[in-house]
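Take a look at the structure below.
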Amino acid sequence: MVKAQIDLKDSILKEISKRLGIDYKETLKYIRDTPDPVMGDIALEIAFALAKKNQRPVSEEAEATAKKIEGTEYIEKINVDSGHINIFYDYRNISGYLLDKVDGEYGRVSIGKKERVIVEHTSVNPNKAIHIGHAKNAALGDSISRLLKFAGYDVIVTNYIDDTGSQVADNIVGIKFLGFPMEKPGVKIDHYIGDEVYVEVNRMYEEKPELLKHREEVLKMLEKGNNDISSFSSMLIKKILDAHAETMDRLRVKYDLLNYESHILAFKFWETAFSQLKKEGLIKLEESGEKKGCWVFRSKIDGSEKIIVRSNGTVVYVGKDIAYAMWKHGMLKTDFNYKVARHYASGGTEWTTTLEDGVQAHPKFNDVGMSVNVVDVRQSYEQNVVKEVIEQLKPGARYMHYSYEVVALSDNTVKALGESGSNRRFTHMSGRKGIYVNVDDVLDVLSDKIYSSAVERNKDRKDMDLRKFADSAAASTLRYELIRSDKNKITLFDIEGSLNLENRTAMYFLYTYARANSILAKSGLDHASTPDYRKLETNQYEKSLIKDMLDFPDVIKRSASSLDLVVLSNFSQKLASDFNSFYEHVEVNRSEDGLRAFRLRLVKASLNLLSNCMQILGIDPFERI
RNA sequence: GCCCCCGUAGUUUAGUUUGGAUAGAACGUCGGUUUCCUAAACCGAAUAUCGCAGGUUCGAAUCCUGUCGGGGGCACCA
């Protein structure tokens, strides 16, 4: 049963556009927020354009327009101020209509129209621990998939796992030839392998280049398969992937399907794709010149050429990516087998591709209209090639490269890692050089700090599981830090700065949520009585919150249609800030009866709204903190 | 050489899609608020030639042209 979508602001603006006799979309272009709530709630900036068109003074056009929309329901009055048409909401009516409707479903819009979408993210190579750069990828991907679900898409979340082995070659050299033990007691295996073995082996290569012969030998053995080295590799990869899963569980990131690269090879995705690409004429065999003997894709956009199959007949990486993308978009005439990987304690099932027979009754994972591929900006070139091939093969398909800038380390942080630092603003991370920050370590430090403060605050409460809260809040804090800014800007990670838990952090939301909840808890739960909205006088703090509620459905629409989380995080920040101001300035439980009933409803609605925002941003709310 | 991204207070940044009123925050600095629903909160002060130069416009951080600075990408690597 689909509930009717509640979008009161949308209805008000539609009525305005009707009265003006102007197309709705056109009207929206002229709607702005006012610089100051004293001036009005929203502004209609249409008089300037009309004045030009009709050759009349701006003030006359503004007055005439204001007349037309006077008396619209939910609008109290209209002020014309030097050409700006400022509209004041009728907060009594709006409160009466809206407050009880702001629940956990409020803001869900149906722009997705149940369309199936694949969001792919994380995709960490199993040769090291998960660092904060990977966490940005996962945090963005997970929040985008939550957002798209909220906006009415049918979302499948996949994690591509490169288990083919070559990236672990250096670690195998370390363990099999250079005497490193397989594991180190008390150290998580992905940390040990990435922080010690991988870094040390690469340092040794530099000192003694002759050691590189071991690497070649390992790579050869891996390619041949069915030997000691290759089975050791599989075992090592499995252990590291399990360790990765632990870290992603801490971040509360979930997947619907794990896609293994080795299975893409085993199910011959590329071979299938190759014959289809040839048949469609999308790639051509070069008969002469430098690229003689290669199969090449020529871009229709800029005329550039990309080799897909080498002259020796082997496929380049992008080729496998194309085959895989064809599978996602339902164009590949073959499929994986699937089986259940695990059931999440918090609900939901994680599936995995498999070489076994698998189960027939699996959900449909591919054949989507849109795929969102969360991959950092450095791979734009390859991603654009894949996009162009897919969109030529299947007109209307949307292959989206969800590109983002990487996480880099501040100079202080680099020095804290024992490196010399630089004179630059930041340093890019490097697994090889050991310049990176692991997610588990950040979460440990954050959790401890949050825990000790929570213990301080709750001395009288021995019944609360504060460690559980601290772990969850630590994950929320890291996630929010990584997604709250423009994804196209480099995230500068500073170890000191990350420990700040005030203001623009996840803790701000958690604290706000707990405060709001506390009001309700202490209200004696008698906020069921209905206030008399007609007599209501709302103050500026109450108005701000109600206005946020009016704005929310549009925030979701804008955020989801542009895949822009900053729109949502800015809104959420404002909402929390508005609530905190309200909290400081307005008594709820002590106010007189009618007012109290209204304010309790306002608090309840604000709490629901905040909760909806937090869920998408990846911040689990707690009633007490 | 070609292509992409970024440039807004000391720092981190919002606003650029769709030009509109005094460029909005936060950290840091200075000052204030706890007999009151959780002070990781709230309130106030100071701090910005919106990289630079032209142009379009009644109006430009936003659009156009040029230019400078920073980062990344341009493999028969994965």
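Per this note's numbering, the very first residue in the first sequence carries number 21; after that it's consecutive. We put the beta carbon where it would ideally sit given N, CA and C, even for glycine. All of these numbers come straight from a predicted model, not from anything done at the bench.
Take residue i and list the residues in its own chain whose beta-carbon comes closer than 7 Å to its own, dropping the five residues that flank it on each side.
i, result
"His-382", "Tyr-358, Trp-371"
"Asn-478", "Met-484, Leu-486"
"Ile-36", "Thr-47, Ile-89, Thr-92"
"Met-21", "With a pLDDT of 42 at Met-21, under the threshold of 50, the predicted position of this residue should be treated as unreliable, though the coordinate-derived value follows. Result list for Met-21: empty, nothing under 7 Å."
"Arg-112", "Tyr-553, Arg-554, Leu-556"
"Gly-367", "none"
Find the nearest neighbour of residue i within the set the options, judged by alpha-carbon distance.
i, options, result
"Glu-216", "Ile-455, His-363, Thr-532, Lys-156", "Ile-455"
"Gly-132", "Ser-79, Phe-170, His-211, Ile-107", "Phe-170"
"Asp-613", "Tyr-422, Ala-580, Asp-552, Ile-164", "Asp-552"
"Val-221", "Ile-209, Lys-208, Arg-235", "Arg-235"
"Arg-39", "Lys-87, Gly-60, Met-59, Arg-76", "Lys-87"
"Ile-42", "Thr-54, Leu-64, Ile-26, Lys-29", "Leu-64"
"Ile-249", "Asp-464, Val-409, Ile-195", "Ile-195"
"Gly-309", "Ser-331, Phe-289, Ile-503, Leu-278", "Ser-331"
"Thr-532", "Thr-373, Ala-286, Ser-165, Phe-602", "Phe-602"
"Lys-488", "Ser-143, Ala-67, Ile-181, Pro-641", "Pro-641"
"Tyr-422", "Asn-520, Met-351, Ile-138", "Ile-138"
"Ser-581", "Leu-167, Ile-32, Pro-57", "Leu-167"
"Thr-525", "Asn-537, Ala-490, Lys-509, Leu-498", "Leu-498"
"Leu-271", "Asp-460, Asp-53, Glu-604, Leu-519", "Asp-460"
In the DSSP assignment, the alpha helix (DSSP H) including residue i goes from what residue to what residue?
i, result
"Glu-516", "515 to 518"
"Arg-619", "613 to 637"
"Thr-292", "289 to 300"
"Ala-490", "486 to 503"
"Phe-68", "67 to 74"
"Leu-28", "28 to 40"
"Val-273", "Run containing Val-273: none; DSSP gives neither H nor E here."
"Glu-226", "219 to 227"
"Phe-170", "152 to 170"
"Leu-521", "Note, Leu-521: premise wrong, no alpha helix (DSSP H); not H, not E."
"Asp-190", "189 to 196"
"Glu-135", "No alpha helix (DSSP H) holds Glu-135; DSSP gives it neither H nor E."
"Glu-236", "232 to 244"
List the endpoints of the continuous beta strand (DSSP E) containing residue i.
i, result
"Asn-106", "104 to 109"
"Leu-278", "277 to 280"
"Ser-53", "Strictly speaking, residue 53 in this sequence is Asp, with Ser absent from that position. Its beta strand (DSSP E) spans residues 51 to 53."
"Ser-391", "390 to 396"
"Val-177", "174 to 181"
"Leu-305", "303 to 305"
"His-382", "First-last for His-382: undefined, no H or E at that position."
"Phe-599", "First-last for Phe-599: 585 to 605, but that is the alpha helix (DSSP H), not the beta strand (DSSP E)."
"Ala-428", "427 to 430"
In this structure, how does DSSP classify residue i when only helix, strand and coil are distinguished?
i, result
"Met-21", "Its pLDDT being 42, under 50, Met-21 is placed unreliably in this model, and the coordinates cannot settle the point."
"Ile-566", "helix"
"Asn-113", "helix"
"Leu-352", "coil"
"Ala-580", "helix"
"Thr-447", "strand"
"Val-58", "helix"
"Thr-511", "strand"
"Leu-64", "strand"
"Asn-682", "In this structure the chain extends from 21 to 645, so residue 682 is not present and cannot be described."
"Val-434", "helix"
"Val-122", "coil"
"Val-465", "helix"
"Phe-572", "helix"
"Ala-149", "coil"
"Thr-532", "helix"
Going by beta carbon distance, what residues of the same chain come within less than 6 Å of residue i, once the five residues before and after it are set aside?
i, result
"Gly-389", "Glu-135"
"Met-634", "Phe-529, Pro-641"
"Ser-165", "Val-139, Val-175, Val-177"
The ligand MG and residue i: does the residue's C-beta get closer than 6 Å to at least one heavy atom of that ligand?
i, result
"Asp-468", "The model on display carries no ligand, and the ligand MG is accordingly not part of it."
Where DSSP assigns a beta bridge to residue i, which residues make up the other side?
i, result
"Lys-359", "Thr-372"
"Asn-99", "Asn-106"
"His-421", "Asn-393"
"Glu-140", "Thr-178, Asn-393"
"Ile-327", "Val-316"
"Val-335", "Val-329"
Can you list, in chain order, the residues of its chain whose CB lies under 8 Å from that of residue i, leaving out five sequence neighbours each side?
i, result
"Val-457", "His-151, Ile-152, Leu-429, Thr-433, Leu-437, Met-449, Phe-513, Ile-515"
"Gln-25", "Arg-128, Val-129, Ser-130, Pro-573"
"Ser-251", "none"
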